[in-house]
Amino acid sequence: MKSHLIGILLSFWVAVSPALYFHSGEREEKCIIEDIPSDTLITGSYKVQQWDMHEHRFLESAPGLGMFVTITTPTKELLLSKLYGPQGTFSFTSHLPGEHNICLQSNSTKLISFGGSKLRIHLDIRVGEHFLDEAIAQAKDKVNEVNFRLGHLIEQIHHISKEQNYHREREEYFRLTSEETNNNILWWALAQTLILILVGVWQMKCLKDFFIAKKLV
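As numbered in the working numbering, residues -12 to 204 make up the sequence shown, in order.
Set out below in structure tokens:
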């Protein structure tokens, strides 16, 4: 019973991802980094508001204002580069695990004529989530609805398992890297100690030869 409850809570945590917003200027590119496992669906939605200098508040963006959405993989491979409107939704599937860059940039040509170049961009990124079909979710057939929601829950649990495996792999990689670094530091310390001993012996020999040459000993 506890394992089922934990699975439900974890799936709820995955399904609810907090949205964020940030400000952007004319032709200014804003990027966020998402650390994503491989073969994972990422869905993003955004909405742009524009600062009105006369009313001194953010208003709904003017028609015609566009946003370039660019997504690159950890190896700098371009996954998506497309011009959307002032409000849009984009999605992609990761092919490699690691940090993906999600960048947004205004087309800027519509900003000056509307009294300013300050934008507020509301962005919501969902990782590994497939949205419920509202038509099915609101169906009168409760059996089909429950089956569909159960399948959706199982899919979320599979995503959680994939996410945990990915973090275990990252943890193992960092552990091996740390051990290798510690070994290198140890060998470097031993090498420094050996060099200091050799330099000391050489200095003592030079000093002895000097005293013999001067007939001080």
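Quick reminder that beta carbons are idealized off the backbone N, C-alpha and C, glycines included.
- Counting the other CB atoms within 10 Å of its CB gives G187 a total below 16, which places it among the exposed residues.
- Look at E15 here: in three-state DSSP terms it is coil, with no helix or strand label.
- Within the DSSP bridge table, the entry for T30 names S78 and R113 as partners.
- At the C-beta level, E86 and D22 come within 7 Å of one another.
- Under the criterion of beta carbons closer than 8 Å, Q37 and L106 qualify as touching, at roughly 6 Å.
- Taken through DSSP and simplified to helix, strand or coil, K105 comes out as coil.
- If you compare the alpha carbons of G75, P61 and V56 with that of L67, the shortest gap goes to V56.
- When beta bridges are read from the DSSP output, G85 appears opposite I23.
- I58 has L67 and I89 as its beta-bridge partners, per DSSP.
- Note on geometry: alpha-carbon atoms of T59 and N170 lie some 35 Å from one another.
- The three-state secondary structure of L183, taken from DSSP, is helix.
- G31 and L110 do touch by the CB rule: their CB atoms are close to 7 Å apart, below 8 Å.
- Counting C-beta atoms within 10 angstroms of its own C-beta, I199 has fewer than 16 neighbours from the protein chains shown and is therefore classed as exposed.
- Taking the C-beta atoms as reference points, I89 is found no nearer than 7 Å to V35.
- Across the set D196, N131, V114 and G12, the C-alpha of V114 shows the shortest separation from the C-alpha of I144.
- As the crow flies, the alpha-carbon of A176 is around 28 Å from that of R157.
- Apart from the 5 residues on each side of it in sequence, E16 sits with its Cβ closer than 6 Å to the Cβ of C90 and Q92 in its chain, given in chain order.
- For the options Q151, W189 and P73, the alpha carbon positioned closest to that of Y33 is the one of P73.
- Within the DSSP secondary-structure output, F9 pairs in a beta bridge with I108.
- Inter-residue distance for Y71 and G53 is about 5 Å (C-alpha atoms, whole angstroms).
- In the three-state reduction of the DSSP assignment, L52 falls in the coil class, being assigned neither a helical nor a strand state.
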